[in-house]
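Heads up: the sequence shown begins at 655 in UniProt numbering, then just goes up one per residue.
We put the beta carbon where it would ideally sit given N, CA and C, even for glycine.
Predicted, not measured: the structure shown is a model, and the values here were computed from it.
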Amino acid sequence: AKGAVGERICTYEPGMDETARQRRQLANDLRNAVDRHEFTLLYQPQRLLQTGELSGYEALLRWHHPRRGVISPNDFIPIAEETGEILTIGAWVLRQACIEAQHWPKEQKVAVNLSPVQFRQADLADTVRAILLETGLSPRRLELEITESAIIADKLRALHCLRQIKAMGVSVAIDDFGTGYSSLDTLHSFPFDKIKIDKSFLLRAENSAQARAIIRAVLALGKSLEIPVLAEGVETERQLEVLQKEGCEEAQGYYFGRPARAPSLSVSRAANS
Ligand code: C2E
Ligand code: CA
Ligand code: CA
Ligand code: CA
655 AKGAVGERIC
665 TYEPGMDETA
675 RQRRQLANDL
685 RNAVDRHEFT
695 LLYQPQRLLQ
705 TGELSGYEAL
715 LRWHHPRRGV
725 ISPNDFIPIA
735 EETGEILTIG
745 AWVLRQACIE
755 AQHWPKEQKV
765 AVNLSPVQFR
775 QADLADTVRA
785 ILLETGLSPR
795 RLELEITESA
805 IIADKLRALH
815 CLRQIKAMGV
825 SVAIDDFGTG
835 YSSLDTLHSF
845 PFDKIKIDKS
855 FLLRAENSAQ
865 ARAIIRAVLA
875 LGKSLEIPVL
885 AEGVETERQL
895 EVLQKEGCEE
905 AQGYYFGRPA
915 RAPSLSVSRA
925 ANS
């Protein structure tokens, strides 16, 4: 579970051995998971709020563990990052997303999450290029989502890498904006194509004036830097109304559609109906 390492240092409780043992077991199981075809991708729609148009789908990874059933990425990505297995898994995700997107009825974008560990590889741009060539997906249809933690360690190298990726025609979104290390400086100096406001702000928006103020501030920032903003975690009509009133360009969330095995052919809910 989250924070297990910290807990082990502060208070040693019985049961911690069990947590560590389970973690080791999962780390071990992860090593064969790609080869055993235990991963699948789900896709969640992203909508333009002005027109209601479906602009793309975010690929979200699921692990079908042979004994434990479906495991959420929050529970295994950190382990895979620790062991380095994320590189194999991440390459699989990228390739699989490109392959599947080729079969969609319309040429929407596919957004793929990149771990900071992947982003720190010197050959990331080469990997992306090779997978695009191999799968034949147009670079214009690929968007990579990175968090700011991916760039803070070595900003110059990150900038170089981003430029290489963008030169191919692939777009890059900054994910979970507003949390963690987010700073105006990064946003200003990196060529992002989209800002994704973290869903925690929208979840709190109805009860927290502060959360609403942050959403408004990020939207204003996007406007002045001319970077479109996507709000994550839209669950209710009320939240959607707030976003539309504030001039948010794009949104994603259960209100428009849950992550699903394939893009739904039917248009579920139009943003402006
Ligand atoms: P994320 O990139 O911020 O993805 C959004 C998460 O919010 C997803 O959780 C999605 O299912 C969930 N979500 C979408 N709409 C709503 C909503 O309306 N309300 C609420 N409460 N949640 C919503 P999921 O699929 O469990 O993924 C969790 C995290 O795992 C992702 O957060 C991302 O950081 C990571 N992840 C997922 N797939 C991959 C992957 O292929 N590679 C890497 N490196 N990380 C991934
Ligand atoms: Ca994401
Ligand atoms: Ca996010
Ligand atoms: Ca996240």
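Please state if the CB of residue j and the CB of residue i are separated by a distance shorter than 8 Å.
| i | j | result |
| --- | --- | --- |
| residue 618 | VAL888 | Because residue 618 is not part of the residues shown, which for the chain are 655 to 927, the question remains open. |
| LEU695 | ALA734 | no |
| residue 644 | GLN756 | The shown model of the chain, from 655 to 927, leaves out residue 644, and the question about it has no answer. |
| PHE846 | VAL872 | no |
| GLN772 | ILE740 | yes |
| GLU795 | VAL766 | The sequence given here has Arg at residue 795, not Glu. It is not a contact, given that the beta carbons lie outside the stated cut-off. |
| ALA856 | ALA885 | The amino acid at residue 856 is misidentified as Ala; the sequence shows Leu. Yes; because the gap between Cβ atoms is below 8 Å, this pair is in contact. |
| PRO727 | GLN906 | no |
| GLU903 | LEU703 | yes |
| ILE869 | ILE849 | no |
| HIS719 | GLU692 | yes |
| ALA745 | THR781 | yes |
| GLN688 | THR742 | The question names Gln, but residue 688 is Val in the sequence shown. Taking 8 Å as the Cβ cut-off, VAL688 and THR742 qualify as a contacting pair. |
Can you say whether residue i is buried or exposed, counting buried as having 16 or more other CB atoms within 10 angstroms of its CB?
| i | result |
| --- | --- |
| VAL824 | buried |
| GLY723 | exposed |
| ASP671 | exposed |
| GLY669 | exposed |
| ASP777 | exposed |
| GLY834 | exposed |
| ASP852 | buried |
| ALA674 | exposed |
| LEU879 | exposed |
| PRO759 | exposed |
By DSSP's criteria, residue i is part of a beta bridge. Which residues make up the other side?
| i | result |
| --- | --- |
| LEU695 | LEU715 |
| LEU708 | ARG701 |
| LEU796 | VAL764 |
| ALA825 | It is Ser, not Ala, that sits at residue 825 in the sequence shown. In the DSSP output, where bridge partners are listed per residue, SER825 has GLU797. |
| ILE906 | The question names Ile, yet the displayed sequence has Gln at residue 906. According to DSSP, GLN906 bridges with GLN700. |
| ILE851 | PHE831 and ALA885 |
| GLY669 | GLY669 is not bridged to any residue. |
| GLY723 | HIS719 |
| ALA914 | TYR697 |
Return the CA-CA distance between residue i and residue j, expressed in angstroms with no decimal places.
| i | j | result |
| --- | --- | --- |
| residue 616 | VAL896 | A query on residue 616 cannot be resolved here, the shown segment of the chain reaching from 655 to 927 and no further. |
| LYS837 | ILE806 | Residue identity differs from the one stated: residue 837 is Ser in this sequence, not Lys. Going by the C-alpha atoms only, they are around 10 Å apart. |
| ALA812 | PRO770 | 10 Å |
| TRP717 | LEU708 | 27 Å |
| ALA713 | ARG678 | 27 Å |
| LEU787 | LEU816 | 19 Å |
| ASN686 | PRO732 | 17 Å |
| GLY706 | LEU768 | 27 Å |
| GLY660 | ASN682 | Since pLDDT at GLY660 reaches only 44, below the 50 mark, its modelled position is unreliable, and the value read off the structure follows with that caveat. One C-alpha to the other measures close to 22 Å. |
| CYS752 | LEU791 | 6 Å |
| ASP839 | PRO913 | 33 Å |
| GLU802 | PRO793 | 23 Å |
| ILE749 | LYS809 | Note on identity: in this sequence residue 749 is Arg, with Ile being the wrong assignment. Distance between the alpha carbons of ARG749 and LYS809 is about 27 Å. |
| LYS854 | SER862 | The question names Lys, yet the displayed sequence has Ser at residue 854. SER854 and SER862: Cα-Cα distance of roughly 11 Å. |
| SER843 | ALA779 | 19 Å |
| ARG892 | ARG701 | 16 Å |
| GLU754 | GLN676 | 33 Å |
| VAL826 | ARG915 | 24 Å |
| PHE730 | PRO917 | 25 Å |
| GLY901 | THR890 | 17 Å |
| ARG783 | ARG721 | 36 Å |
| ILE725 | LEU680 | 10 Å |
| ARG690 | LEU715 | 15 Å |
Between residue i and residue j, which are expected to be in contact by the criterion C-beta below 8 Å, what is the C-beta distance as a whole number of angstroms?
| i | j | result |
| --- | --- | --- |
| ILE785 | ILE828 | Between ILE828 and ILE785 the Cβ distance is about 22 Å, and since that is not below 8 Å, they are no contact. |
| GLU797 | GLY911 | Not really, about 17 Å apart at Cβ, beyond 8 Å. |
| LEU875 | LEU841 | 7 Å |
Checking contacts by CB at 8 Å: is residue i closer than that to chain D?
| i | result |
| --- | --- |
| ARG677 | This model lacks chain D altogether, as it is built from one protein chain only. |
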